[in-house]
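See below for the structure under consideration.
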Amino acid sequence: MTEEERLRQAPAAYMNEVQQQFFRNLLLGQRADLQARIDEEFQALREQEVLSDPADIGSAEEERQWRLRSLEREKKLLDKIDQALERLARGEYGWCEETGEPIGLRRLLLRPTATLCIEAKERQEQKERHLREER
Numbered sequence: 001m002t003e004e005e006r007l008r009q010a011p012a013a014y015m016n017e018v019q020q021q022f023f024r025n026l027l028l029g030q031r032a033d034l035q036a037r038i039d040e041e042f043q044a045l046r047e048q049e050v051l052s053d054p055a056d057i058g059s060a061e062e063e064r065q066w067r068l069r070s071l072e073r074e075k076k077l078l079d080k081i082d083q084a085l086e087r088l089a090r091g092e093y094g095w096c097e098e099t100g101e102p103i104g105l106r107r108l109l110l111r112p113t114a115t116l117c118i119e120a121k122e123r124q125e126q127k128e129r130h131l132r133e134e135r
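Residue numbers for the sequence shown follow full-length UniProt numbering, so the first one is 1 and each next one is one higher.
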């Protein structure tokens, strides 16, 4: 089934077994790709050679810090994917945690780990902006 066909499905079909299986496969594929990238980054960090020139040491440390930040972001995404898979297993995937309304297929296709519908996400971002402006 194409993305367009998936988006044209009747509202009553939202998060039926076929859609749940589609998103489970999508999330599992993303998880496998991400885990492979994390493994490669860890391997690259382990293989980083020890240098004696101070300029080389500084550059190597900067690269190491960049890799560690990248790994941290990827680990957070991996956690979000695992949480989405858990929501799927509980039958809660695709439903807004704040309102209980459908998140929507279009949003889930763009961000399969989404936990909020677009309206709730916009309210959350607006609150965050307001809090930052108060500081």
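Virtual Cβ for every residue (Gly too), placed ideally from N, Cα, C. This structure is a prediction, so every number in the text was calculated from the model and none was measured.
In the DSSP annotation of this structure, N16 is not part of any alpha helix (DSSP H), being labelled neither H nor E. Partner residues in the beta bridge of P102, as assigned by DSSP, are W95. Following the DSSP letters along the chain, one finds A120 inside the alpha helix (DSSP H) bounded by residues 118-134. Of all alpha-carbon atoms in E97, G58, L45, E41, the one lying nearest the alpha-carbon of I118 is that of E97. Within the UniProt domain "DnaK suppressor protein DksA N-terminal" (19-88), no complete beta strand (DSSP E) segment of 3 residues or longer occurs.
Around the beta carbon of G94, a 10 Å sphere encloses 16 or more other beta carbons of the protein chains shown; the residue is thus reported as buried.
Distance from the CA atom of T113 to the CA atom of K80, rounded to whole angstroms, is 6 Å.
The C-beta of L88 has 16 or more other C-beta atoms within 10 Å across all chains shown, which makes the residue buried.
Take Q30, set aside five residues on each side of it, and the residues of its chain with a beta-carbon closer than 8 Å to its own are I81, P112, in chain order. The way I'd put it, the region 64-74 does touch the region 40-50; three or more beta-carbon pairs between them come closer than 8 Å. DSSP, reduced to helix, strand and coil, places R111 outside both helices and strands of the structure shown, so it counts as coil. A direct Cα-Cα distance of roughly 16 Å separates R46 from S59. In the structure shown, R6 falls within a helical segment according to DSSP collapsed to helix, strand and coil.
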